[in-house]
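Below is one structure; the comments refer to it alone.
In the UniProt record's numbering, the protein residues as written are 1 to 308.
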């Protein structure tokens, strides 16, 4: 990779002199069957049950404004039937051009930079994770630099692979030390966020367009969907019936925008909020009244503050 973040072809790779242009695969092809993928040398990577990367536990149901991202093809390295790799020069030039377009971008806020990169990631087939950040010194600390990385960045700590007395099953590895990232920094003079570093090359195969909506950063329960779910739940409709209702309304999972597990998690969070401000408070109030009426009644409470 050169200073521009663009991969340079290895000079030691021997190129074929006579290339049959009819056999060269294009960047965008129709979805192949399993037998065709095996014959052409493609191997799909399937991750099952990895809560650390793709399962939903955060507050991603907040409504955000998604900015349109220009579609481009970065999967230009394709295997031919003889096993050799060939990268089209026109696609390399397109990636170089897009790289400089991103490097010249400015954003009004850190959230706007994340929205752009997450939209780009959805089209390319990977999930985004917020990584390290830097703050200014002093009493009023503000974030001045932020890194957004591929969800498969880094690797699992070795101590979790050799843990004794394991209570939960060992989940499949989901991180492969991917280097793709977007690094933005705050320009204090203008108040805008500028791109400091952009790496588009992945060390793994990206998801297909039909699989991207199920990646963690692209699953989101919108505000109007949340209101409809809570209304149906308050009416006594069971959660699996609510999910079936959304599937009938939108036609398929990819257009619903969230999975069945996302719905269960959201309902569980809302239920905990009601319990925190409802049953617990009512129980304490009843015991306080009992203590006022009975001098022998003893009550001791402990306040637990959750810091977000």
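We treat Cβ as the ideally placed atom computed from N, Cα and C, and that holds for glycine.
Opening and closing residue of the alpha helix (DSSP H) in which residue i lies
i: residue 249; result: 239-250
i: residue 91; result: 89-103
i: residue 223; result: 223-234
i: residue 159; result: 158-161
i: residue 122; result: 110-124
i: residue 255; result: 253-256
Environment of residue i [buried if 16+ CB atoms lie within 10 Å]
i: residue 125; result: buried
i: residue 200; result: buried
i: residue 299; result: exposed
i: residue 209; result: exposed
i: residue 151; result: buried
i: residue 297; result: exposed
i: residue 95; result: buried
i: residue 227; result: exposed
i: residue 289; result: exposed
i: residue 231; result: exposed
i: residue 207; result: buried
i: residue 127; result: buried
i: residue 113; result: buried
Rounded separation between residue i and residue j - CA only
i: residue 167; j: residue 130; result: 29 Å
i: residue 284; j: residue 268; result: 23 Å
i: residue 245; j: residue 225; result: 12 Å
i: residue 61; j: residue 286; result: Interpretation of residue 61 is limited by its pLDDT of 37, a score under 50 that renders its predicted location unreliable; no figure is taken from the coordinates.
i: residue 175; j: residue 188; result: 35 Å
i: residue 144; j: residue 262; result: 32 Å
i: residue 215; j: residue 164; result: 31 Å
i: residue 190; j: residue 107; result: 11 Å
i: residue 217; j: residue 236; result: 30 Å
i: residue 139; j: residue 185; result: 20 Å
i: residue 180; j: residue 100; result: 16 Å
i: residue 213; j: residue 229; result: 20 Å
i: residue 272; j: residue 242; result: 20 Å
i: residue 182; j: residue 115; result: 12 Å
i: residue 121; j: residue 281; result: 44 Å
i: residue 194; j: residue 169; result: 43 Å
i: residue 247; j: residue 240; result: 11 Å
i: residue 132; j: residue 149; result: 9 Å
Beta strand (DSSP E) segment containing residue i, residue limits
i: residue 193; result: 193-199
i: residue 131; result: 128-135
i: residue 185; result: 181-186
i: residue 315; result: With the chain covering only 1 through 308, there is no way to say anything about residue 315.
Close Cβ partners of residue i (< 6 Å) along its chain, the five nearest in sequence each way excluded
i: residue 250; result: 256
i: residue 45; result: Unreliable positioning characterises residue 45 in this predicted model, as indicated by a pLDDT of 38, which lies under 50. The coordinate reading is nonetheless provided below. For residue 45, where only same-chain residues beyond five positions count, the Cβ hits under 6 Å are 205.
i: residue 134; result: 144 and 145
i: residue 192; result: 106
i: residue 258; result: 219 and 221
Nonlocal neighbours in the same chain, by C-beta distance under 7 Å from residue i, ignoring five residues either side
i: residue 154; result: 175 and 177
i: residue 198; result: 5, 99, 102, 103 and 182
i: residue 90; result: none
i: residue 156; result: 173 and 175
Spatial neighbours of residue i in its chain, beta-carbon cut-off 8 Å, leaving aside the 5 residues before and after
i: residue 291; result: 297, 298 and 299
i: residue 196; result: 145, 183, 184 and 185
i: residue 294; result: none
i: residue 253; result: 213, 214, 247 and 259
i: residue 264; result: 239
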